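In what follows, a single structure is set out as structure tokens and then discussed.
In full-length UniProt numbering, the protein residues as written are 1 to 192.
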């Protein structure tokens with residue numbers, strides 16, 4: 001299989017489980033690539049990450065091991081997008097079949113709550129504050145300043161959901177965060 005640099009991959013349930021459990025024994029760089037495969041970033045964007053040299057080989061290994069699956073590639077034409085959409089349950093029931101959504105990683109219950117039809121500013125602010133406050137408390141200001149800046153720049157729930165995996169990973173990498181992870185996820189998912 002030829003992989004284009006505009007290809008977009010998402011984590012499979014096995015890939016999401018690996019992020020949570022670290023049971024697969026992936027190398028640090030391979031794990032990092034897996035974390036960043038969110039259904040929105042292209043392989044070209046992934047390749048720009050520091051210390052990632054052979055992104056194509058890492059992708060082949062992750063795909064053959066069942067951690068990721070292809071969402072789209074540059075060779076996908078408008079007429080043939082219906083095929084991957086209908087084959088991929090993550091993309092079903094979209095109002096515009098020609099636009100691929102950002103992958104929304106599942107949380108504790110398998111999914112984020114449905115978003116209200118209209119932007120709920122209060123819940124959005126609560127979600128941003130919760131993510132920022134937990135990062136400050138568990139990781140520290142210096143260790144999480146880049147992620148906090150990304151959270152501050154988010155303008156809607158979808159944008160926050162795109163960096164949920166990064167928030168989760170930062171919290172999981174702390175001793176206290178590992179202990180309180182389920183409770184923190186549950187509280188965040190009530191407003192995210």
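Note that beta-carbon positions come from the ideal geometry of N, C-alpha and C, so glycine has one too.
Since we're looking at a predicted model, the values are computed, not measured.
Residue 144 is classed as buried because its beta carbon has at least 16 other beta carbons within 10 Å across all chains shown.
Between the alpha carbons of residue 140 and residue 133 lies a distance of about 9 Å. With respect to the C-alpha of residue 31, the residue from 128, 158, 8 and 17 having the closest C-alpha is 17. In the DSSP assignment, residue 11 is bridged to 68. For residue 154, same chain residues with a beta-carbon under 6 Å away, outside a window of 5 residues either side, are 160 in chain order. In this structure, the straight-line span from the alpha carbon of residue 14 to that of residue 62 is close to 10 Å.
About 7 Å separates the CB atoms of residue 187 and residue 130; that is less than 8 Å, so the two are in contact. Closest in C-alpha terms to residue 135, from the list 147, 126 and 124, comes 147.
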